[in-house]
Amino acid sequence: MMGNATDMRIVTWNINSLRLRLPLLARLGEDLRPDIICLQETKVPDDLFPADAIRELGYTHTLYRGMKAYNGVAILSRVALTSLDDTPDWCGRGDCRHIAASFYLDGEAVELHNFYIPAGGDIPDPEANPKFAHKLAFVDEATAWFAGRTNRRTILVGDLNIAPLEQDVWSHKQLLTVVSHTPPETTRLLAWQENGFVDAMRHFVPADEKLYTWWSYRNRDWKASNRGRRLDHVWITADLTDHLAGMTVLRDARDWPTTSDHVPVAVDFRD
DNA sequence: ATGGTTGATTGTCAA
Numbered sequence: 001m002m003g004n005a006t007d008m009r010i011v012t013w014n015i016n017s018l019r020l021r022l023p024l025l026a027r028l029g030e031d032l033r034p035d036i037i038c039l040q041e042t043k044v045p046d047d048l049f050p051a052d053a054i055r056e057l058g059y060t061h062t063l064y065r066g067m068k069a070y071n072g073v074a075i076l077s078r079v080a081l082t083s084l085d086d087t088p089d090w091c092g093r094g095d096c097r098h099i100a101a102s103f104y105l106d107g108e109a110v111e112l113h114n115f116y117i118p119a120g121g122d123i124p125d126p127e128a129n130p131k132f133a134h135k136l137a138f139v140d141e142a143t144a145w146f147a148g149r150t151n152r153r154t155i156l157v158g159d160l161n162i163a164p165l166e167q168d169v170w171s172h173k174q175l176l177t178v179v180s181h182t183p184p185e186t187t188r189l190l191a192w193q194e195n196g197f198v199d200a201m202r203h204f205v206p207a208d209e210k211l212y213t214w215w216s217y218r219n220r221d222w223k224a225s226n227r228g229r230r231l232d233h234v235w236i237t238a239d240l241t242d243h244l245a246g247m248t249v250l251r252d253a254r255d256w257p258t259t260s261d262h263v264p265v266a267v268d269f270r271d
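First residue of the first sequence? That's 1 in the numbering used here, and the numbers climb one at a time after it.
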């Protein structure tokens, strides 16, 4: 991908079934040559994880945490990973929504956190909708936990299922009451982010420009209607800002055959 | 206001 051996490309993608989309994972590898891929919604229990096929794609270091039918996260890497195991069981659910590792970037350890935040259901009221209450509680817990470790070099990625800025959705006004862009969600996500993180995607694209990573399956023509949302994120601690070298939203992936409703996002680091 | 599509799973939930 890039010339320097210490350059590093990290991709996050909600793949929406890893086993169904293994061929697309190969295509992602060819198109972006990622060093590390963080996946969400793998929907595969650990004993059925396709480890051999993924090793053959060049990802010799893998960490995964999956369950039947729902959720599931994985980190696929060409460089060595050390699993971080002292992480919370968010909301005590035993869900597979977070996996973390450390690796070496420019000779120094970096923590990498891969999240799949609950989508939150349809009704944006925590009293009426337990899924929405779960979503808010999850973000609150994560905010509190990361507040205690702001001194670590950290990259946080994933499907956070919240589009925090006005230009992260196709219509700010129309989505204010739609789960993913409601004030209780956007306020919380920005509070979490501002407590120690820099938005690496918006480092490259100004806040007044539209930026999406997800387009619903429920549109006849996703490209023509372009009713997108930025649900997928890459955050970094400020000490990594000087290492940022580029950002790519692989919008073309939304037109791949039988693809995910999310597209991959890549962020490049150099020393 | 409602419906629209997809995946894992096989009646229905989750997104």
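By construction, the Cβ of each residue, glycine as well, lies at the ideal position given by its N, Cα and C atoms.
Looking at residue j and residue i, is the spacing between their C-beta atoms short of 8 Å?
i      : j      : result
Ser77  : Ile123 : no
Asn71  : Asp261 : no
Val139 : Phe103 : no
Val234 : Thr12  : yes
Gly66  : Pro45  : yes
Ile162 : Ser180 : yes
Thr259 : Leu24  : yes
Gln40  : Asp159 : yes
Val73  : Cys96  : yes
Asp106 : Asp271 : yes
Phe269 : Asp31  : no
Tell me, to the nearest whole angstrom, how far the beta carbon of residue i is from that of residue j; I am working on the premise that it is less than 8 Å.
i      : j      : result
Leu63  : Ile99  : 6 Å
Arg230 : Leu244 : Not quite, the Cβ-Cβ distance comes to about 18 Å (not below 8 Å), so this is no contact.
Thr82  : Ala101 : 6 Å
Val157 : Cys38  : 5 Å
Trp170 : Arg227 : 4 Å
Arg27  : Trp256 : 7 Å
How big is the Cα-Cα spacing for residue i and residue j?
i      : j      : result
Leu18  : Asp208 : 34 Å
Ala142 : Trp192 : 8 Å
Phe115 : Pro130 : 20 Å
Leu84  : Asp242 : 25 Å
Pro126 : Arg55  : 42 Å
Leu136 : Asp89  : 15 Å
Thr42  : Leu22  : 10 Å
Ser216 : Val263 : 11 Å
Arg220 : Asn151 : 46 Å
Pro50  : Glu166 : 39 Å
Asp86  : Thr213 : 30 Å
Thr60  : Arg149 : 29 Å
Ala144 : Asp52  : 38 Å
His172 : Ser225 : 15 Å
Pro183 : Ala128 : 17 Å
Arg153 : Asn14  : 24 Å
Ile75  : Leu48  : 16 Å
Please go through the same chain and pick out, in chain order, the residues whose beta-carbon is closer than 6 Å to the beta-carbon of residue i, but skip the five residues on each side of it.
i      : result
Gly29  : Leu57
Asn195 : Ala147
Met2   : Residue confidence is low: Met2 scores 49 on pLDDT, short of 50, so the model does not pin down where it sits. No coordinate-derived value is stated.
Gly120 : Lys131, Phe132, Lys135, Val179
His113 : Ala100, Leu156
Pro164 : Thr186, Leu189, Leu190
Only counting the same chain, and skipping five residues up and downstream in sequence, which positions put a Cβ closer than 8 Å to that of residue i?
i      : result
Met201 : Leu211, Arg230, His233, Val234, Met247, Val249, Val265, Val267
Glu108 : Arg153
His203 : Thr241, Leu244, Met247
Quick one: what's got a C-beta closer than 7 Å to residue i's C-beta in the same chain, skipping five residues either side?
i      : result
His134 : Cys91, Pro118
Thr177 : Pro124
Leu175 : Val169, His181
For this session: Check whether the segment 178-189 touches the segment 234-246, taking contact to mean three or more Cβ pairs, one atom from each stretch, closer than 8 Å.
Result: Taking a cut-off of 8 Å on C-beta distances, the segment 178-189 does not touch the segment 234-246, as fewer than three cross pairs fall below it.
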